[in-house]
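Asker: Have a look at this one before I ask anything.
Protein chains in written order, with the numbering used here: chain L, 1 to 206; chain A, 1 to 470.
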């Protein structure tokens, strides 16, 4: 996983609630056995018409947002399916950070595992940042994970919360599995204890 | 953890699965059951292979293909190349990593969330995960069951654990006798309408109250299944005699003395008196009628006797814009009666409503009637065992004689990954769980409702109050 430290980038405004995982990437594009290459289908129903032509009114089809690395949206971003294809598609397109008032839990988790930073900020702040994105080609938002601040184009700093474990993993690009395997002895011990206390637990290999 | 503090069902399952609490509060949580399917597992197996890691506990894991496979005769294989490759990849992976697998032509094959409970794989007090958001279904048995992404699938494969932070406790209490023509689907749609699709974010919902207690296991599965549509991580229903009677004798369930030992433990799981819930919501059955969604989120729901809402009644600008967008997508006008809406397709099935009880409910309405002209009505049993049971009861004959199609078990038109899809503009009465834009096929328009209501729509050709037919 690529580490996330600081990012200064164009942000795309998507002032919609409930941007669900079927909008981010419809099920028919999940028939892949790879993680890569999904960016071309990102937001397919919003981005393309039924003949595959770009819809000019969709934000990521417009300059300068084609190169956006940040999305700013409204409530409940990523609701619906657990498909990790959603963050894979976002990442493949180049998105590294999403700012919204809140996120669906599974999407929120999945983002961190792929080097994407989801940031929860109050709706009024999101709306302010959305206004900032409309200031023209030179408007950039900066996200500094170590200091936990979003910096507006006018220099104003807005702090955000992130849990320390996820922050550490993301700052260092650490793989969760490697970290958990360091606790292998505790997992062995837990399993041994459970074999004693719950001998009735059946195996799937029966 | 002190044993004297009153704990919720969620607290008890959580506490008993914490392997280790890390300094920042993140927990290494032990996973008892890992269910795999073809769509969200290939990249996880690939990750293990690249890192040279083993799958730690094949004996706690089971795999089945359910999303991509056709609902027509499977003996000829899968025609669509990308779907076939995904299923073949699963079959290759389970062989390489030694994972138990239920083949497509096995009578036990079915939707992963139907077969878990049905085969006795899903047990009270356990932790169950799957790379699928509707894993919340298994909470109906009093298991902590939740959907995970593919990175987490790989994490469970390698470690049999997940890194998790505890959720908040939400109690949703439903009281009263369910009205005539109402079912579990109507309960959960009414709940989501009340708390909204983000109402459960960060919470595990425990469903309580005499209405929930009176539900059979199929109804409990329907309610818990849609917890995720309310944003919750999981749903839970305390195990009771209904649960124990359901689990007893199923293929993978503990047998004999082991079963009695298990029940003794399961009886300790229900929430202690005085335990703390962070959020409490109460409903009575007076608030529950046969429900139908009108919009493109499951929370956009009204009683079937209701009308399409008017966006101009919504004070919040953002919400108003969303309502407007939903009306345009669904081709509806404010004030329009739901019962006037003609439908093109009926889908009865899915992990929400693909159980034998659901098919019985649909057949009871269909019996002696005909599917309306121009309507295609699909019945897709949730598993091979459900299909066999329905055929033994003669339900397939009832449905076929009424003009319904009787298909092979899988996810089918719930998400349109196999050939069963809506075409643009088609309006569908569906017993599935999501009405998102394009969910059942690009441009398709989905109305969520119960199996009885879906059958009623099939025979009249429009959304219909099933109470007029029974």
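Glycine included, every Cβ here is placed at the ideal spot set by N, Cα and C.
Take residue 114 (chain L) as the anchor and find which of L:89, L:145, L:122 and L:136 has the nearest alpha-carbon.
Answerer: L:89
Asker: Can you have a look at residue 180 (chain A) and say buried or exposed, based on whether 16 or more other CB atoms are within 10 angstroms of its CB?
Answerer: exposed
Asker: Quick check: does the Cβ of residue 21 (chain A) come within less than 8 Å of any heavy atom belonging to the ligand ADP?
Answerer: Here there are no bound small molecules, and the ligand ADP is not part of this structure.
Asker: Taking the straight line between their C-alpha atoms, what separation do you get for residue 75 (chain A) and residue 313 (chain A)?
Answerer: 54 Å
Asker: With H, G and I counted as helix, E and B as strand and the rest as coil, what does DSSP make of residue 1 (chain A)?
Answerer: Here residue 1 (chain A) scores only 48 on pLDDT, less than 50, and its place in the model should not be relied on; the value that follows carries that caveat. Three-state DSSP puts residue 1 (chain A) in coil, outside helix and strand.
Asker: Under 9 Å between C-beta atoms, does residue 132 (chain A) make it to chain L?
Answerer: yes
Asker: Would you grab the beta carbon distance between residue 131 (chain A) and residue 269 (chain A) for me? Rounded to a whole angstrom, and I think it's under 8 Å.
Answerer: At roughly 26 Å, the Cβ-Cβ gap does not stay under 8 Å, so residue 131 (chain A) and residue 269 (chain A) are not in contact.
Asker: Below 7 Å between beta carbons is the criterion; list the residues of the segment 61-75 of chain L that meet it against any residue of chain A, in chain order.
Answerer: 74 and 75
Asker: Output yes if chain L places a C-beta closer than 9 Å to the C-beta of residue 62 (chain A); else output no.
Answerer: yes
Asker: Counting only runs of 3+ residues fully inside the segment 40-109 of chain A, write out the beta strand (DSSP E) ranges in chain order.
Answerer: 61-64
Asker: On the criterion of 16 or more Cβ atoms from any shown chain inside 10 Å, does residue 335 (chain A) qualify as buried, or is it exposed?
Answerer: exposed
Asker: Between L:191, L:131 and L:166, which has its C-alpha nearest residue 179 (chain L)'s C-alpha?
Answerer: L:166
Asker: Measuring CA to CA, which of A:287, A:72, A:201 and A:237 is closest to residue 182 (chain A)?
Answerer: A:287
Asker: Pick helix, strand or coil for residue 413 (chain A), following the three-state DSSP scheme.
Answerer: helix
Asker: Under three-state DSSP, which class holds residue 322 (chain A)?
Answerer: helix
Asker: Given that residue 34 (chain L) touches chain A, what residues does it touch there, using C-beta distances under 9 Å?
Answerer: 42, 43 and 46
Asker: Whole angstroms are fine: how far does the CA of residue 358 (chain A) sit from the CA of residue 465 (chain A)?
Answerer: If you take the alpha carbons of residue 465 (chain A) and residue 358 (chain A), they lie about 17 Å apart.
Asker: Under 9 Å, do residue 103 (chain L) and residue 77 (chain L) count as touching if we go by C-beta distance?
Answerer: yes
Asker: Are there 16 or more other CB atoms within 10 angstroms of the CB of residue 36 (chain L), so buried, or fewer, so exposed?
Answerer: exposed
Asker: Determine the DSSP secondary structure at residue 432 (chain A), reduced to helix, strand or coil.
Answerer: Three-state result, residue 432 (chain A): coil.
Asker: Please decide whether residue 384 (chain A) counts as near chain L, where near means a Cβ-Cβ distance under 9 Å.
Answerer: no
Asker: With 16 as the cutoff for other CB atoms within 10 Å, does residue 112 (chain L) come out buried or exposed?
Answerer: buried
Asker: So for residue 61 (chain L), helix, strand or coil by DSSP?
Answerer: helix
Asker: Counting along the chain, where does the alpha helix (DSSP H) carrying residue 207 (chain L) start and finish?
Answerer: A query on residue 207 (chain L) cannot be resolved here, the shown segment of chain L reaching from 1 to 206 and no further.
Asker: What runs of the alpha helix (DSSP H), each 4 residues or longer, lie entirely inside the segment 130-195 of chain L?
Answerer: Fully contained in the segment 130-195 of chain L are the following alpha helix (DSSP H) runs of length 4 or more, in chain order: 164-172 and 176-181.
Asker: Interface residues of chain L around residue 202 (chain A) at Cβ under 8 Å?
Answerer: 105
Asker: Are the beta-carbon atoms belonging to residue 416 (chain A) and residue 444 (chain A) less than 9 Å from one another?
Answerer: yes
Asker: Could you tell me whether any Cβ in chain A is nearer than 9 Å to the Cβ of residue 81 (chain L)?
Answerer: yes
Asker: Report the residue ranges of all alpha helix (DSSP H) runs contained in full by the segment 208-286 of chain A; include only those spanning at least 4 residues, in chain order.
Answerer: 210-213, 217-225, 241-247 and 256-266
Asker: Compute the Euclidean distance between the alpha carbons of residue 177 (chain L) and residue 158 (chain A), then round it to the nearest angstrom.
Answerer: 7 Å
Asker: Using a C-beta cutoff of 9 Å, does residue 172 (chain L) count as contacting chain A?
Answerer: no
Asker: Buried or exposed, going by whether 16 or more other CB atoms sit within 10 Å of the CB of residue 110 (chain L)?
Answerer: Residue 110 (chain L) comes out buried.
Asker: How would you label residue 34 (chain L), buried or exposed, when you count the other beta carbons within 10 angstroms and need 16 or more for buried?
Answerer: exposed
Asker: Can a CB atom of chain L be found closer than 9 Å to the CB of residue 246 (chain A)?
Answerer: no
Asker: How many Å lie between residue 456 (chain A) and residue 59 (chain L) at the Cα?
Answerer: The alpha-carbon atoms of residue 456 (chain A) and residue 59 (chain L) are separated by roughly 42 Å.
Asker: Rounded to a whole number of angstroms, what is the C-alpha to C-alpha distance between residue 420 (chain A) and residue 202 (chain L)?
Answerer: Spanning the two alpha carbons is a distance of roughly 36 Å.
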